[in-house]
Amino acid sequence: MGKSALSLPLLILGLLFILLPSINSGTPRGIVKLPNAEKTWCVAKPSSSEAELVANINFACDQLNDCKLIQPNGTCYYPSNYINHASVVMNLYYQSKGRNTWNCDFKNSGLISKKDPSYGCCSYL
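In mature numbering (1 follows the signal peptide of the UniProt record, and there is no 0), the protein residues as written are -25 to -1, 1 to 100.
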């Protein structure tokens, strides 16, 4: 009886030594986090129709609750056209949702760019 009472604490202690290294950072063992994942941006496809672009602007602005950048006097207002305005707010939405590919789909009217589309005073995040 004394032998089984002693083996349980030893078993628990052994399990702790095995499991502790994978608990410390919240990252499971074998998973490597990239320190600086490649930066990407979401922009409207040049082939998108005006209706698609307007729908994307409306959707993104509704989700973001802030589209001052593309309003008159906003830093991304010019050039004042649908493709520019859609690209700006589509990217804001994409960035705010964690840069997942599905957050740049916009019913197949968005594309992911590896080149920063910022220009002049308009800075894409």
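From the three backbone atoms N, C-alpha and C, an ideal C-beta is built for every residue, glycine too.
Note that this is a predicted model, so its numbers are computed, not measured.
Going by the DSSP bridge assignment, what does residue i pair with across the sheet?
i     : result
Tyr94 : Cys97
Cys36 : DSSP output for Cys36 lists no bridge partner at all.
Ala19 : Gly85
Classify residue i: buried if its beta carbon has 16 or more other beta carbons within 10 angstroms, exposed otherwise.
i           : result
residue 109 : No information on residue 109 is available, as it lies outside the stretch -25 to 100 that the chain covers here.
Ser22       : exposed
Ser62       : buried
Asn59       : buried
Quick check: the Cα distance between residue i and residue j, rounded to an integer number of angstroms?
i       : j     : result
Thr15   : Gln46 : 24 Å
Val64   : Cys42 : 7 Å
Asn83   : Ser98 : 24 Å
Ile(-3) : Arg74 : Note that Ile(-3) scores a pLDDT of 46, beneath 50, so its modelled location is shaky; the value from the coordinates is reported in the next line. Whole-angstrom Cα-Cα distance: 27 Å.
Tyr53   : Cys96 : 10 Å
Ile32   : Asn66 : 11 Å
Leu100  : Gln70 : 7 Å
Lys89   : Phe34 : 23 Å
Lys72   : Leu39 : 10 Å
Leu44   : Ser24 : 22 Å
Ser93   : Thr50 : 11 Å
Glu13   : Asn48 : 32 Å
Asp91   : Cys79 : 15 Å
Phe81   : Ala30 : 9 Å
Contact defined as beta carbons within less than 8 Å: I believe residue i pairs with residue j. What is the distance between those atoms, to the nearest angstrom?
i     : j     : result
Ile87 : Cys17 : 6 Å
Gly85 : Ala26 : The pair is not a contact, with the Cβ atoms about 15 Å apart (cut-off 8 Å).
Leu28 : Tyr57 : 4 Å
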